[in-house]
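S.K.:
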Amino acid sequence: QIRIEYQTSLSPENHLLKHACELILNSNFDEAAELISERKNSFWSRTQEILLLRWRILESVVNIGTKVSTIRDELKDKQLTSAELIHRYCNDDSAWYELDKLQRELEHRYDRYFTDVVQESQIEQVIVRARQLYTDTVGDLAVAFQNACETSGFECDDIAKQRNIFADLVKPILADNKIA
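The opening position of the sequence shown corresponds to residue 1 in this note's numbering, with each subsequent residue numbered one higher.
#1: Just the Cα atoms here: how many angstroms apart are Arg3 and Asn41?
#2: Following the continuous alpha helix (DSSP H) through Glu34, name the residue where it begins and the one where it ends.
#3: Would Val61 pass as a contact of Val126 if the rule is Cβ separation under 9 Å?
#4: Suppose the cutoff is 7 Å on Cβ atoms and the five residues either side in sequence are ignored; what does the same chain contact list for Phe145 look like?
#5: Quick one: what does DSSP say Ile24 is sitting in, helix, strand or coil?
#6: Taking a contact to mean a Cβ-Cβ separation below 9 Å, would you say Ser45 touches Glu13 in this structure?
#7: Taking all protein chains shown into account, decide if Arg109 is buried (16 or more other Cβ within 10 angstroms of its Cβ) or exposed.
#8: To the nearest angstrom, how far is it from the Cα of Gln122 to the Cα of Thr66?
#9: What residue does the alpha helix (DSSP H) around Ala148 start on, and which one ends it?
#10: Reducing DSSP to helix, strand and coil, say where Thr81 ends up.
#11: Would you say Leu51 and Leu35 are within 9 Å of each other, going by their C-beta atoms?
#12: Verify whether the separation of the beta carbon atoms of Leu75 and Leu141 is less than 9 Å.
#13: Under a Cβ-count criterion, where at least 16 other Cβ atoms within 10 Å of its own Cβ denotes burial, should Leu102 be classed as buried or exposed?
#14: In whole angstroms, what separates the C-alpha of Ser37 from that of Ile57?
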């Protein structure tokens, strides 16, 4: 386990970045998250904006990896209905939608980073890993949803239909309240 507390040189920080990248590439997201959490608040991260951005990029990748693991565990060996898949995507209990948010966050951070710095192979490898995890998981979700829709005959009774939103949800509120 590598921990360096000395803050007199930027070199140890670069070694820790490299170590965090290796942890991520080996899917050791918990240990990487711990290291990133520590280093985001280090002296160098507070004084070197580009260094903080590197740590935040790695943080985004770890968050994607962690969310992907959660989703895969919830999908593993299960035949979920289309309604169950929709609920897990939309509801805060499972919040699969967060994966999309995390991916957008990563791309935003990476875009800021990429415009400021020449490519670094370690960061690039980690970004490629995150993109692959995201793409594979979204693909698995799409296949699961397609299969669930085919199985149910494309019926999803537990989900409010767009054509009924006004009549079921808006109109009753309007009837109870005067509108100017």
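The beta-carbon is built from N, C-alpha and C at its ideal position, and this holds for glycine as well.
M.R.: Reading off the structure:
#1: No answer about Arg3 holds up, because its pLDDT of 49 lies below 50 and its placement is not dependable.
#2: 29-40
#3: yes
#4: Ser82, Leu85
#5: If DSSP states are grouped into helix, strand and coil, Ile24 belongs with the helices.
#6: The beta carbons of Ser45 and Glu13 sit closer together than 9 Å.
#7: buried
#8: Just so you know, the alpha carbons of Gln122 and Thr66 end up roughly 20 Å apart.
#9: Annotation for Ala148: the continuous alpha helix (DSSP H) segment containing it runs 121-151.
#10: coil
#11: In this structure, Leu35 does not lie closer than 9 Å to Leu51 by Cβ.
#12: yes
#13: Under this definition Leu102 is a buried residue.
#14: 12 Å
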